[in-house]
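From first to last, the protein sequence lines stand for chains A and B.
For the first sequence, the numbering used here begins at 1 and goes up steadily by one.
For the second sequence, the numbering used here begins at 1 and goes up steadily by one.
Glycine is no exception: its CB is placed at the ideal position from the N, C-alpha and C atoms.
Working notes, structure below.
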Amino acid sequence: MKLDIDQIKLDAFRSQAQVTFFEPGGKVVQSCQTLVTVKEDTSIYEQFVFLESLQDVLDAMGPEDVYDFPAVEWEEGTKGLFHLYFKTLDHEGQQLIQWAMVDKTEQYKQLLNLQQGRNDKAIGEEFALIQKKVAEVENQLVSFQNEELKRVQQFKSDFFAQVSHEMRTPLNSISGLVSLIMEDQKKTEEYLPALQATSKHLNSIINDILDLSKIDAGKLTFEAVDFDLTALAHSIMKGFEFGALEQGISLNLSVPDEPILVKSDPTRVAQVLYNLVGNSLKFTEKGYVSLEIKVSEASEGRFDVDFLVEDTGIGMEPSQIETLLEPYQQAEDKTARIYGGTGLGLHIALKLVEAMDSQLEIRSAPNKGTKMSFGLRLTKGANLRAQQAFALSLEGRKVLVAEDDALNRKILEEILKKAGAQPTLVEDGLNSEKALSKGDFDLLITDINIPWKTGWEVFQDLRKAGNDIPVLFVSGSELEVLYELEAYEGWGFTIKPLNINKVREQISRLLPKAYPTELNLTSLKEMISGDMAFFKDLLQTILDTLPQEMAKLKAAVSEQDAETSTKVLHKIRPSIDYMGIPELTKERHWLHAQAEAGKLDEFFSKRMSEFDPWVRQALKKLAREID
Amino acid sequence: MPISKKVILIGHFGVGKTSLIRRFVHQKFSDEYLTTIGVKIDKKVLDLDGLEMTMIIWDIAGETNQNKVPKSYQLGAHGVLYVFDISRPSTYENLHEQLDYLKGLLPLAPIEVIANKKDLLSEEEQAKVLDSIMHPSIHTSSAKTGENVEEIFQSLGKAMLG
């Protein structure tokens, strides 16, 4: 028997293959139906989506083209994995496309396992690599954070060591000077200036540290007061004259001759200039240190002011300039050893300038000196002469001072006495309360931290009891109760060490000026023919009703209600006139005439703002009359 | 009769091509990864502003390099969706090279680039990846949530109309 290998092969694969012939355009000429049903004389493209999507390509096949699709997950007519290929052939002069389809479904699982395994492995490896990279970055970050932490800790510990040293030096000096004075009190006069200078130095170190902590905490506040920048610059340079002379350095100031009147925070501007000039002097051994201030008109009501501090000192490398951003480090540690200081001054100046919406520019080179400049746009200020003419006058006013520190008590007493006030001095909260209950004070000046009962507690009790006496708090540190105080009126605050001008400013703000309140009740007594009970009743009625009417009047004025203002000013006439204060009577008359004429203008409001406290002061006197 | 267009989805393996088609055609999603063998086709009729289009979608087995895919699979494609996995750098590291290859092969077919699996990264992380790729227009999508899937196919459909 002849072995027909081809037949055997054909028999083995017959059931796994299908062949279809179709014309370009799709019409099926002939097909077997082994795997899928194919209708003859019908377009193949209408029967199978797979072929439909290949129509352009198949119709354009050339004689040599063969398109092979080794693996197709087929779902049309049957389901499985098939190998498809297309080629053209010439059949009796007609070009046909031969589509062969071989079933590979049996291999599907094996292929799937192989490919799935390969893909899963590759994806798994990639994720493992990503995780490894992330872990590496995290480790680097932790290591960097640790380094940074160590660096900051080292800075802080160096800084505190430096600051402690800086503070210990003046403290030792103070202690030594005090011992010398105690040994020989005759030398007090001799040592006092040194004691004062050393205390100031210590004070400035502590202020620097406090400023730095404020800057760090973003708690810097700026005042807006009128001042003369020219005068400020002169006074700053004056402060350095002695030191510069001793060092043999010339100190130059270039500033316009005429006053530069601006509205800003003179303390902060001065602090920046002190720090910059002071820093230049510290690092200059020969040559000069100069401060130049140039002013130009910016716009209506504004000046552009350019500041330049220049020296011929040791200068800095660019990298050293960068370290100025580090608050706890001088440009070089050896700098600190040679020149001393906490190294905070320049950093504070830099931050203050930033807080004033500007930028401190530093140009410097080693041994060639340093130029530091910044510009500020400042609002024009008012003429100070008018303000200076107003002196604190507290003639006859009673002021209670509660302060446990003897020196501050003395300073406050002197300020008050010079202004003509009658101060009463106590040392603790309980005595403050006692004095307040006995005397009729116009103002309380109290330290916050005083023994037995704090100034804040005394204040709260006063307000609870309805006593609205103005209170000026003095304290060695920022007010911790500031937030709670905002709910109240009639208080002020000034920080120690006491600045006399600031104390005066606060007092004059808190205490309205003293108006003529000498009562003359003669005509009232005459009117009631000496009936004292009726007299008292009348006074009480005035005390009860006048404050109410005054409240109505204030409201009407603030609403520009001329009609009601006129009515109230008319209504209060008897009460005002009965008190027998001619100036007050005249003032009410003027206010009434203005209101009646509808002239509730700015001038009227200003006079009203004085009329109100005036009436209250008069009523206080009247209340005493009943007692 | 609606016009018929062949669209191919290509890209590395495991980037979510099959999932995007399942989401688009059948509104389904499965977290389980099952590799595609060779090619598998699906179709959906789209309404493109009143014009009907039968999109015949070829889901081609993923390869790290498109020149490993038999050219016959890509021939005749009217549009291409090149898909990568935004959470796997290896799937977009050779993107520009792959796109150049496809443009050479199918010069007339619009190609949309899809950053799939956006649900796996935060907005910030996605932005970083997209910035690093430096390609002017990449659609982000999530077959898992369905976000942007319909829009991407619509966009390609319109681009194919030219």
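Sequence-distant residues of the same chain with beta carbon closer than 6 angstroms to residue i, five excluded per side
| i | result |
| --- | --- |
| T91 (chain B) | H12, V15, F84, D85 |
| Q154 (chain A) | none |
| P24 (chain A) | D59 |
| K502 (chain A) | T494 |
Reduced DSSP secondary structure (H/G/I, E/B, other) of residue i
| i | result |
| --- | --- |
| T230 (chain A) | helix |
| N116 (chain B) | strand |
| W452 (chain A) | coil |
| Q98 (chain A) | strand |
| K371 (chain A) | strand |
| L600 (chain A) | coil |
| S605 (chain A) | helix |
| Y288 (chain A) | strand |
| S432 (chain A) | helix |
| N408 (chain A) | helix |
| Q33 (chain A) | coil |
| A61 (chain B) | coil |
| R616 (chain A) | helix |
| Q330 (chain A) | Any reading at Q330 (chain A) must be qualified, since the residue scores a pLDDT of 46, below 50, and its modelled position is unreliable; the value itself is stated next. If DSSP states are grouped into helix, strand and coil, Q330 (chain A) belongs with coil. |
| Q153 (chain A) | helix |
| S235 (chain A) | helix |
| Q388 (chain A) | For Q388 (chain A), the predicted model reports a pLDDT of 44, less than 50, meaning its position is unreliable; a value from the coordinates is still stated below. Residue state, collapsed to three classes: helix. |
| H78 (chain B) | coil |
| Y108 (chain A) | helix |
Heavy atom of the ligand NAP within 6 angstroms of residue i beta-carbon
| i | result |
| --- | --- |
| A406 (chain A) | Of ligands this structure carries none, so the ligand NAP is not represented either. |
Proximal residues to residue i (C-beta, below 7 angstroms), its chain only, five neighbours per side dropped
| i | result |
| --- | --- |
| L10 (chain A) | none |
| Y85 (chain A) | V66, Y67, D68, F69, A100 |
| L180 (chain A) | K187, Y191 |
| Q16 (chain A) | V102, D103 |
| T37 (chain A) | G77 |
| H592 (chain A) | T566, L569, H570 |
Of the listed residues the options, nearest to residue i (C-alpha basis)
| i | options | result |
| --- | --- | --- |
| M55 (chain B) | B:N65, B:Q74, B:T35, B:G79 | B:G79 |
| S558 (chain A) | A:E486, A:Y483, A:A595 | A:A595 |
| V57 (chain A) | B:W58, B:E52, B:S72, B:E63 | B:S72 |
| F653 (chain A) | A:V269, A:L291, A:R409, A:V426 | Outside the displayed span of chain A (1 to 627) sits residue 653 (chain A), for which this structure offers no information. |
| L171 (chain A) | A:P451, A:Q196, A:E190 | A:Q196 |
| V102 (chain A) | A:A60, A:T34, A:Q115, A:K109 | A:T34 |
| S475 (chain A) | A:I260, A:N467, A:N408, A:L519 | A:N408 |
| T585 (chain A) | A:N139, A:L141, A:I576 | A:I576 |
| K200 (chain A) | A:I174, A:L129, A:E189 | A:I174 |
| K263 (chain A) | A:K380, A:S280, A:D357 | A:K380 |
| L212 (chain A) | A:F374, A:L344, A:D120, A:Q55 | A:L344 |
| S296 (chain A) | A:D306, A:V289, A:S290 | A:D306 |
| K453 (chain A) | A:D404, A:S164, A:I362 | A:D404 |
| I209 (chain A) | A:V503, A:G396, A:M167, A:D428 | A:M167 |
| L261 (chain A) | A:G248, A:F303, A:P63 | A:F303 |
| A224 (chain A) | A:A623, A:S523, A:T267, A:L352 | A:T267 |
| E241 (chain A) | A:S204, A:E258, A:N207, A:L291 | A:L291 |
| R23 (chain B) | B:I3, B:S141, B:L161, B:R88 | B:S141 |
| A77 (chain B) | A:L51, A:W74, A:S364 | A:L51 |
| A419 (chain A) | A:E395, A:E563, A:V163 | A:E395 |
Per DSSP, the bridge partner or partners of residue i
| i | result |
| --- | --- |
| I445 (chain A) | A:V401, A:L472 |
| E148 (chain A) | None, per the DSSP bridge assignment. |
| S264 (chain A) | A:V225 |
| E310 (chain A) | A:S290, A:K371 |
| F303 (chain A) | A:E297, A:L378 |
| R363 (chain A) | A:K371 |
| F82 (chain A) | A:V72, A:D103 |
| M55 (chain B) | B:K5, B:K44 |
| N647 (chain A) | Shown here, chain A extends from 1 to 627; a query on residue 647 (chain A) therefore has no answer. |
| P423 (chain A) | A:V399 |
Own chain, CB closer than 8 angstroms to residue i, minus 5 neighbours either side, in chain order
| i | result |
| --- | --- |
| N367 (chain A) | I314, G315 |
| L436 (chain A) | L400, L444, V458, L462, N467, I469 |
| A244 (chain A) | S250, L251, L281, V289 |
| Q154 (chain B) | L46, L48 |
Per the contact definition of three or more C-beta pairs closer than 8 angstroms, is the stretch 226-245 of chain A in contact with the stretch 267-280 of chain A? yes
Whether or not the stretch 601-609 of chain A and the stretch 43-61 of chain B are in contact is what I'm after, with contact meaning three or more pairs of Cβ atoms, one per stretch, closer than 8 angstroms; do they touch? no
Flag this pair as touching only if the stretch 429-449 of chain A and the stretch 532-541 of chain A have three or more C-beta atom pairs under 8 angstroms; answer yes or no. no
With three or more C-beta pairs closer than 8 angstroms as the rule, is the stretch 27-34 of chain B touching the stretch 571-585 of chain A? no
Is it a yes or a no for the stretch 89-98 of chain A touching the stretch 107-114 of chain A, going by three-plus beta-carbon pairs under 8 angstroms? no
Three or more beta-carbon pairs under 8 angstroms between the stretch 348-359 of chain A and the stretch 285-293 of chain A, yes or no? no
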